[in-house]
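Per our numbering, the sequence shown starts with residue 130, numbered consecutively.
Beta carbons are placed, not taken as given, at the ideal position from N, Cα and C, and that holds for glycine.
From a predicted model like this one, the values you see are computed outputs, not experimental measurements.
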Amino acid sequence: MSPAGARRIRIPALVIGSGIAGLTTALVLARKGIRSIVLTKADVPEDCNTAWAQGGIIYRGRNDSSGSLTRDILRAGAGLCNAEAVRFLASRGPAVVREILIEEAGVPFTRTRKGDLDFTREGAHSVARIVHSADATGRAIELALLARVKRERRVTLWTNATAIDLITARHHSTDVQQRYALQDPCLGAYVLDASGSVHTVLADFTVLASGGVGRLFLHTTNTEHAIGDGLSMAERAGAAVLNVEYVQFHPTTLYHPDAGRFLISEALRGEGAVLVNRAGEAFMHRYDPKRKDLAPRDVVTRAIVEEMTTRGDPCVYLDLAHNYRPHEGQAIRDRFPTIAATCDGFGVDIAKEPIPVVPAAHYFCGGVLADLEGKTTIRHLYAIGETSCTGLHGANRLASTSLLEGLVWGYHAALSIADRLEKGQTFAPSMFRAIPGWRSPGDAQNEDPALVQQDWTTIRNTMWNYVGIVRTTERLGRAVADIRDLEKRLSRFYHETKISKAIVDLFHGVHASLLIAQAALKNPVSRGCHYRKS
Ligand SMILES: Cc1cc2nc3c(=O)[nH]c(=O)nc-3n(C[C@H](O)[C@H](O)[C@H](O)COP(=O)(O)OP(=O)(O)OC[C@H]3O[C@@H](n4cnc5c(N)ncnc54)[C@H](O)[C@@H]3O)c2cc1C
């Protein structure tokens with residue numbers, strides 16, 4: 130039984146996630162007069178990957194064109210991009226950046242001395258087309274969007290609220306007839322709050338904007354919330370998922386035992402920084418003679434792993450101090466204030482010495498299959514931002530396309546929902562009435578924190594060691610067997626244990642891990658960020 134206090138809530142749109150994708154959808158819906166609830170499982174809405182983005186977001190540089198951006202994205206995607214999605218982003222992106230981020234939210238992007246937007250260039254981009262707020266772009270975007278959304282009375286922000294399961298007619302309706310519809314609709318989600326109550330949130334449209342999967346891996350740049358909830362819930366509900374083996378590893382995160390895996394942005398290499406090994410030798414020319422340090426991420430990541438493995442070194446170094454090409458006459462510390470301050474805290478002065486770096490899991494190129502409006506294969510369910518797979522990234526993401534993807538798809542998903550609401554595509558009250566409240570599977574015991582911790586250690590080590598940067602049939606086979614076994618045990622445990630955030634996280638995380646490992650095992654072809662040694 131649900132604890133007392135569980136409510137039934139009825140809303141036109143339920144948005145799961147408060148990053149750039151979710152906030153943009155809620156804002157555009159509100160401007161159209163449509164009410165929404167935005168959920169985040171974090172204590173505060175700004176605790177998400179969006180706020181951790183450093184480098185910037187693609188706009189349109191001087192001497193730039195949508196054709197040039199299209200070509201760069203297609204090249205990075207290694208032949209697996211959805212060309213329609215790439216063209217859509219390249220042509221619509223600049224207008225949405227201007228309308229939502231610059232005009233509506235007033236994001237404080239860095240300007241040149243003349244007052245123009247300052248453009249920077251990142252790996253595999255053919256021109257400087259990325260706008261930034263020093264080196265804390267995501268934070269500036271998230272806070273500006275949040276401030277704007279908070280002024281909208283039609284948006285309810287709900288923190289400490291974790292979606293457990295999507296509600297679909299086939300899985301949940303008590304009306305037997307509804308289970309026979311060929312195209313199963315999504316009618317909202319069950320949501321666990323901080324007090325332990327599970328609410329039934331019934332929505333005409335549900336939008337998954339729940340971010341990526343980085344925290345399924347031992348080393349990652351992502352926040353603790355990025356554990357594949359959207360992937361897991363959507364797949365369990367029967368949605369098509371695609372390209373889930375393509376997890377991008379960022380080549381350069383700070384190597385220090387106490388630093389977590391703090392990201393050292395690609396923008397440093399864009400502005401001259403060179404990778405060197407422990408002997409101080411530059412090595413990228415040996416792996417990609419033409420693009421060297423500005424080669425795509427997967428190439429740089431594997432070059433670093435190879436260099437570390439053959440030399441037996443625990444890390445390589447990124448030397449900005451001796452190679453910086455002053456940007457707009459700025460000193461290193463003015464151009465990269467956040468990175469400089471963080472590295473200072475670990476005893477590394479980026480203006481004087483090379484920075485020790487290692488790769489870490491960073492970005493999810495696959496996800497819940499979605500079209501140009503964010504519609505999934507389940508009726509009335511949308512997926513946008515990092516949790517979705519629009520095919521934009523193909524087998525590998527071009528730097529700084531992901532914030533833009535969240536923005537553009539967040540915007541167009543809202544327009545699509547508004548249009549459908551106007552056409553009267555809502556559910557009959559009887560459909561909602563047939564959805565029961567949440568029934569907790571079991572109340573027999575409380576979770577044991579030691580078991581939960583150990584299960585996460587197993588998941589993260591397995592994903593890093595067997596489903597990581599270099600994959601083999603044997604490693605992947607072992608990963609699938611081990612994770613499947615863990616999922617079975619957790620299922621039994623889940624059916625006896627009182628529901629809690631820790632249990633829900635574990636359940637989402639183990640299922641998402643299994644999906645990724647299975648897809649990686651099934652695909653023997655190395656392409657983009659999926660690299661099979663055997
Ligand atoms: C360190 C770092 C640097 C980056 N730098 C850049 C960059 O320079 N440029 C760029 O374009 N991209 C960058 N990225 C990638 C980019 O930040 C993300 O891809 C993007 O912000 C994802 O946005 P999102 O809205 O899809 O998800 P997020 O911002 O991750 O938000 C996900 C939201 O979903 C919520 N959520 C998840 N599960 C549930 C659940 N079950 N119930 C309720 N809420 C839930 C979370 O609490 C959170 O609010 C970077 C990423 C990182 C980690």
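#1: Once the 5 residues before and after Asp683 are set aside, which same chain residues still bring their CB inside 6 Å of it?
#2: Exposed or buried, Glu374, counting other C-beta atoms within 10 Å across all chains shown (16 or more means buried)?
#3: Quick one: complete alpha helix (DSSP H) runs, 4+ long, within the region 164-237?
#4: Suppose you measure from the CA of Asp427 to the CA of Thr505; what does that come to, to the nearest Å?
#5: Does the beta-carbon of Thr329 have 16 or more other beta-carbons within 10 angstroms, so that it is buried, or is it exposed?
#6: For a minimum of 4 consecutive residues, which ranges assigned as the alpha helix (DSSP H) are wholly contained in the region 374-412?
#7: When you compare the CB positions of Arg407 and Arg440, do they come within less than 9 Å of one another, or not?
#8: Would Val429 pass as a contact of Ile645 if the rule is Cβ separation under 9 Å?
#9: Does any residue of chain B bring its CB to less than 9 Å from the CB of Ser559?
#10: Rounding to the nearest angstrom, what Cα-Cα distance links Thr349 and Leu383 in this structure?
#11: Would you say the beta carbon of His456 is closer than 8 Å to some non-hydrogen atom of ligand 1?
#12: Can you list, in chain order, the residues of its chain whose CB lies under 7 Å from that of Pro466, leaving out five sequence neighbours each side?
#13: In whole angstroms, what is the alpha-carbon distance linking Arg661 and Leu650?
#14: Might you give, ordered along the chain, the residues of its own chain that have their beta carbon closer than 6 Å to the beta carbon of Ala630, omitting 5 neighbours on each side?
#15: So what does DSSP say about Lys504, is it helix, strand or coil?
#16: In chain order, which continuous runs of the alpha helix (DSSP H) of length 4 or greater are located wholly inside the region 465-518?
#17: On the three-pair Cβ rule with 8 Å, is the region 531-543 touching the region 495-509?
#18: Exposed or buried, which one is Met130 when buried takes at least 16 other CB atoms within 10 Å?
#19: Could you give the DSSP three-state label for Val278: helix, strand or coil?
#20: Specify, as a first and last residue, the run of the beta strand (DSSP E) that Asp294 falls within.
#21: According to DSSP, is Asp313 part of a helix, a strand, or is it coil?
#22: Ligand 1 heavy atoms versus the CB of Thr100: any closer than 8 Å?
#23: Measuring only the C-alpha atoms, how far is His640 from Arg656?
#24: Using 8 Å as the Cβ pair cut-off and three pairs as the minimum, do the region 391-406 and the region 239-253 touch?
Reading from the atomic positions:
#1: Nothing about residue 683 can be reported from this structure: the residues present for the chain run from 130 to 663 only.
#2: Numbered from its first residue, the sequence shown carries residue 374 at position 245. Under this definition Glu374 is a buried residue.
#3: 178-181, 195-205, 212-225
#4: Along the sequence shown, read from residue 1 onward, the residue named residue 427 stands at position 298. Along the sequence shown, read from residue 1 onward, the residue named residue 505 stands at position 376. Taking the straight line joining both Cα atoms gives about 28 Å.
#5: As a first step, residue 329 must be located in the sequence shown, where it is residue number 200. By the neighbour-count rule (16 or more Cβ atoms within 10 Å), Thr329 is buried.
#6: 396-399
#7: Residue 407 sits at position 278 when you count from the first residue of the sequence shown. Residue 440 sits at position 311 when you count from the first residue of the sequence shown. Yes, the pair counts as a contact, with Cβ atoms nearer than the cut-off.
#8: Here residue 429 corresponds to residue number 300 of the sequence shown, with the count starting at 1. Here residue 645 corresponds to residue number 516 of the sequence shown, with the count starting at 1. Cβ atoms of Val429 and Ile645: not closer than 9 Å.
#9: Absent from the structure: chain B. Only one protein chain is present.
#10: Looking up residue 349 in the sequence shown gives position 220. Looking up residue 383 in the sequence shown gives position 254. Their Cα atoms are separated by approximately 11 Å.
#11: The residue labelled residue 456 in the question sits at position 327 within the sequence shown. Not so, every heavy atom of ligand 1 lies at least 8 Å from the Cβ.
#12: Translated into the one-based positions of the sequence shown, residue 466 becomes position 337. Ala263, Asp264, listed in sequence order.
#13: Locating residue 661 in the sequence shown gives position 532, where the first residue counts as 1. Locating residue 650 in the sequence shown gives position 521, where the first residue counts as 1. Going by the C-alpha atoms only, they are around 9 Å apart.
#14: Start at 1 with the first residue of the sequence shown, and residue 630 comes out as number 501. Checking the sequence shown, residue 630 turns out to be Lys, not Ala. For Lys630, where only same-chain residues beyond five positions count, the Cβ hits under 6 Å are Thr291.
#15: Taking the sequence shown and counting its residues from 1, the one referred to as residue 504 is at position 375. Here Lys504 sits in strand by DSSP.
#16: 466-474
#17: yes
#18: As a working note, residue 130 is residue 1 in the sequence shown. Residue placement at Met130 is flagged as unreliable, the pLDDT there being 37, under the threshold of 50; the coordinate-derived value follows with that caveat. Classification of Met130: exposed, given that the 10 Å Cβ count is below 16.
#19: Here the question's residue 278 lines up with position 149 in the sequence shown. Reduced to three states, the DSSP call for Val278 is helix.
#20: Here residue 294 refers to the residue found at position 165 of the sequence shown. Asp294 -> beta strand (DSSP E) spans 291-297.
#21: As a working mapping, residue 313 is identified with position 184 in the sequence shown. DSSP places Asp313 in coil when its eight states are reduced to three.
#22: In the structure as shown, the chain starts at 130 and stops at 663, and residue 100 therefore has no counterpart that could be examined.
#23: As a first step, residue 640 is located in the sequence shown; it is residue number 511 there, counting from the start. As a first step, residue 656 is located in the sequence shown; it is residue number 527 there, counting from the start. Answer to the nearest angstrom: the Cα atoms are 24 Å apart.
#24: yes
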